[in-house]
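Numbering (UniProt numbering), first residue to last: 1 to 361.
From the three backbone atoms N, C-alpha and C, an ideal C-beta is built for every residue, glycine too.
Values in this document were obtained by computation on a predicted structure and should not be read as measured data.
Structure record follows, encoded as structure tokens.
If you want it as structure tokens, here you go:
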């Protein structure tokens, strides 16, 4: 009997997806701290964006999808494209890890790697130019544009609903910020239930998302070299910047203490959420863990590899270092009271000339 004959019949092409993988497991970590652990967080917004595009005709049956990504959004698109019969072209850079690279090829992706960053805008801007070229070379193709597509944050209404139904009143939401979809979307929906919800965004040093200068980042999966339109800065009460060394050590602690085998972005969120929950024991905290740790067996879960990291000490800081302004770059974990302001308002507050111009306008 052939393999093909032993397989169960698939769903119709229009219905194919992975609904059982989209929503997180809600895990109680301590008396007042819960983790929302995703199999692959980006599956939910990817499916939502493709469904909307197919429904309104932007994505044709058997059509071509083009996108730029070096992380799990690309994997989510690849999984959906493979079962729905779309061709997928992804633009990435050398930072893409080998495990993900192989999975994308296995799923039939055409992967274009940008080898050199631009002097201004780095790999992100170089990748966007390559993406534009791919779209021009494939007329009628669809670009999900996760950074600016409003369907990205809208998709997370399902996660907010799940959290509210299962956990009731939530006092604090903690999560990493990259495209801005998950945290901006979940915070916006949960604030309809609790306007006093305290929201903490977790970024990494040398990311421009919350006003730091652009630079090399060892921690991937969060942060950015550009400010995505989907980041709603007014949702955030605090911002924390977590470096790679403490994020990876916190990832290992998450596995050792709670048996959650997650990736580095989850470790960064856990570090901040655990600290806030301990300092506010009467408040209920929920933190987001975006993806599982199987891609990081040779890195984060490898002691020899960790020992080669710049700044590696094997010791976690007890608390973040408060900074007076986002431009005050701290080499490890730091924090800033954002106070639900726009990025322009925060940057102007530290620059009297810019502040006067903003007030005059």
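Can you grab the Cα-Cα spacing for the pair residue 79 / residue 289, in whole Å?
20 Å
Of the residues 107, 61, 130, which one's Cα is nearest the Cα of residue 92?
130
Would you call the stretch 184-194 and the stretch 294-303 in contact, with 3 or more CB pairs under 8 Å?
no
Cβ neighbour criterion (16 or more within 10 Å) applied to residue 212:
buried
C-alpha distance - residue 332 paired with residue 83, whole-angstrom precision
42 Å
Determine the burial state of residue 374: buried for a count of at least 16 other Cβ atoms within 10 Å of its Cβ, exposed for fewer.
Absent from the model: residue 374. The displayed extent of the chain is 1 to 361, so no value can be given.
As assigned by DSSP and simplified to three states, the class of residue 325:
coil
I need the DSSP call for residue 57, collapsed to helix, strand or coil.
coil
Reduced DSSP secondary structure (H/G/I, E/B, other) of residue 312:
coil
For residue 326 and residue 203, I'd like the C-alpha separation in whole angstroms.
11 Å
Which first and last residues belong to the beta strand (DSSP E) in which residue 73 is found?
Careful: residue 73 lies outside any beta strand (DSSP E), inside the alpha helix (DSSP H) at 72-84.
Assigned exposure category for residue 124 - 16 Cβ within 10 Å defines buried
buried
Find out if the Cβ-Cβ distance for the pair residue 279, residue 262 is shorter than 8 Å.
no
Give every residue of the same chain whose Cβ lies closer than 8 Å to the Cβ of residue 166, excluding the five residues on either side of it in the sequence, and list them in chain order.
26
If we require 3 or more residues per run, which beta strand (DSSP E) segments fall completely within the stretch 102-178?
110-113, 172-176
Let's test the definition: count the other Cβ atoms within 10 Å of the Cβ of residue 238 and tell me whether it reaches 16, buried, or not, exposed.
buried
Would residue 194 be called buried (16 or more neighbouring beta carbons within 10 Å of its own) or exposed?
exposed
Out of 89, 210, 334, which has the shortest C-alpha to C-alpha gap to residue 135?
89
Below 8 Å between beta carbons: does that hold for residue 46 and residue 144?
yes
Taking the alpha carbon of residue 216 as the point to measure from, which residue in 222, 206, 231, 347 has its own alpha carbon closest?
206
Between the alpha carbons of residue 122 and residue 292, how many angstroms are there, rounded?
28 Å
Please tell me whether residue 343 and residue 233 are closer than 8 Å, where the distance is taken between their beta carbons.
yes
What's the call for residue 34, buried or exposed, on a 16-neighbour Cβ count within 10 Å?
buried
On the three-state DSSP scale, how would you describe residue 33?
strand
In this structure, how does DSSP classify residue 248 when only helix, strand and coil are distinguished?
helix
When we look at the beta-carbon of residue 442 and count the other beta-carbons within 10 Å, is it buried (16 or more) or exposed?
Residue 442 cannot be examined here, being either before or after the span of the chain that is shown, 1 to 361.
Straight-line CA distance for residue 142 to residue 321?
43 Å
With distances taken from CA atoms, which of 162, 336, 139 is nearest residue 190?
162
Do you know offhand how far residue 108's Cα is from residue 95's?
20 Å
Is it buried or exposed, residue 245, if we count other Cβ atoms within 10 angstroms and call 16 or more buried?
buried
Assuming residue 284 and residue 170 are in contact, meaning their beta carbons sit under 8 Å apart, how far apart are those beta carbons, in whole angstroms?
5 Å
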